[in-house]
Amino acid sequence: MKLLHINASTRGENSESLKMANTFIAEVRNHTQLELDTFNLFDDKLPEFDGLAVGAKMALFSGSGFSSAQTKVWEEMKQIFDRFARADAYIFNTPLWNNGIPYKLKQFIDVVTQPGWAFGFDVEKGYSGLLHGKKALVIHASGVYHAAIAAGFGSDFSTPYVDDWLKFIGVQSVAHIHVAPTVVNTDFAKTKANAEIDARKVAREWASKA
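For any residue, its number in my numbering is found by taking its place in the sequence shown, counting from 1, and adding 134.
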């Protein structure tokens with residue numbers, strides 16, 4: 135199995151989402167051969183999706199051709215996409231930031247989600263994902279928010295957004311595990327243990343079909 139691990143946390147060894155991702159990866163490795171690629175979004179080079187990149191995308195849509203600068207940035211983006219597309223499966227770990235995802239994860243999504251790479255378009259049928267036959271696990275961690283908490287303690291736009299994006303690009307088999315809350319929790323050990331059970335279960339399911 136070629137597994138791409140996308141780490142969207144800044145907290146290193148203190149990150150609960152990263153710890154859970156590592157638990158999952160170790161369990162997969164215990165049951166099948168694993169080729170692991172790790173992309174640390176806050177440490178590894180990621181092209182800016184800025185005016186130059188948007189201009190290249192619009193030039194592609196219009197068929198007007200790239201400038202030399204646009205060609206360079208488009209090639210840099212294609213290298214990131216190719217790394218993404220090579221994987222059979224994905225594991226993301228991400229914290230909940232301001233009810234959503236970290237900006238570097240959004241930047242990664244904007245870089246790789248390009249026409250002809252991640253999706254196609256038909257004027258009558260609309261969009262279609264191009265990354266078929268892949269699967270993903272997304273591990274979310276949050277200090278305060280969890281599904282059973284009162285509305286005044288925040289919202290989760292991260293889970294539905296990442297789920298929708300993955301399915302938009304063709305990844306239909308998507309699982310989510312929440313390690314939450316990590317801070318406002320009188321029994322975090324139990325919360326973590328339950329999440330570990332879920333992570334190991336998904337890992338064994340993936341390994342059995344590798």
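Idealized CB from N, CA, C, for every residue including glycine.
Three or more beta-carbon pairs drawn from the segment 138 to 154 and the segment 172 to 182 are found closer than 8 Å, and the two stretches are therefore classed as touching.
Only residues of its own chain outside the window of five on either side were considered, and among them Ala-221, Asp-222, Ala-223, Tyr-224, Gly-304, Val-305, Ser-307 have a CB closer than 8 Å to the CB of Lys-268, listed in chain order.
Under the three-state reduction of DSSP, His-310 is assigned to strand. Beta-bridge annotation (DSSP): Gly-263 is paired with Phe-253. Contact check between the segment 146 to 160 and the segment 234 to 244: fewer than three CB pairs, one atom from each, fall below 8 Å, which does not count as touching. The alpha-carbon of Ala-187 is positioned some 15 Å away from that of Lys-240. Where Ala-275 is concerned, the enclosing beta strand (DSSP E) starts and stops at 269 to 275.
Each residue's CA atom was taken as its position, placing Trp-340 and Gly-185 some 40 Å apart.
For Pro-229, DSSP records a beta bridge to Ala-275. In the displayed model, Asn-319 falls within coil according to three-state DSSP, outside both helix and strand.
The Cβ atoms of Gly-288 and Asn-227 lie no closer than 8 Å to each other.
In chain order, Ser-143, Asn-227, Thr-228, Pro-229, Ile-273, His-274, Ala-275, Val-313 place their CB closer than 7 Å to the CB of Ser-151, counting only its own chain and leaving out the 5 sequence neighbours on each side. Between Pro-181 and Met-211, the gap from beta carbon to beta carbon is short of 8 Å. DSSP places Thr-166 outside both helix and strand once states are collapsed to three, so it counts as coil. Remark: C-beta atoms of Ile-311 and Met-135 do not approach each other more closely than 8 Å.
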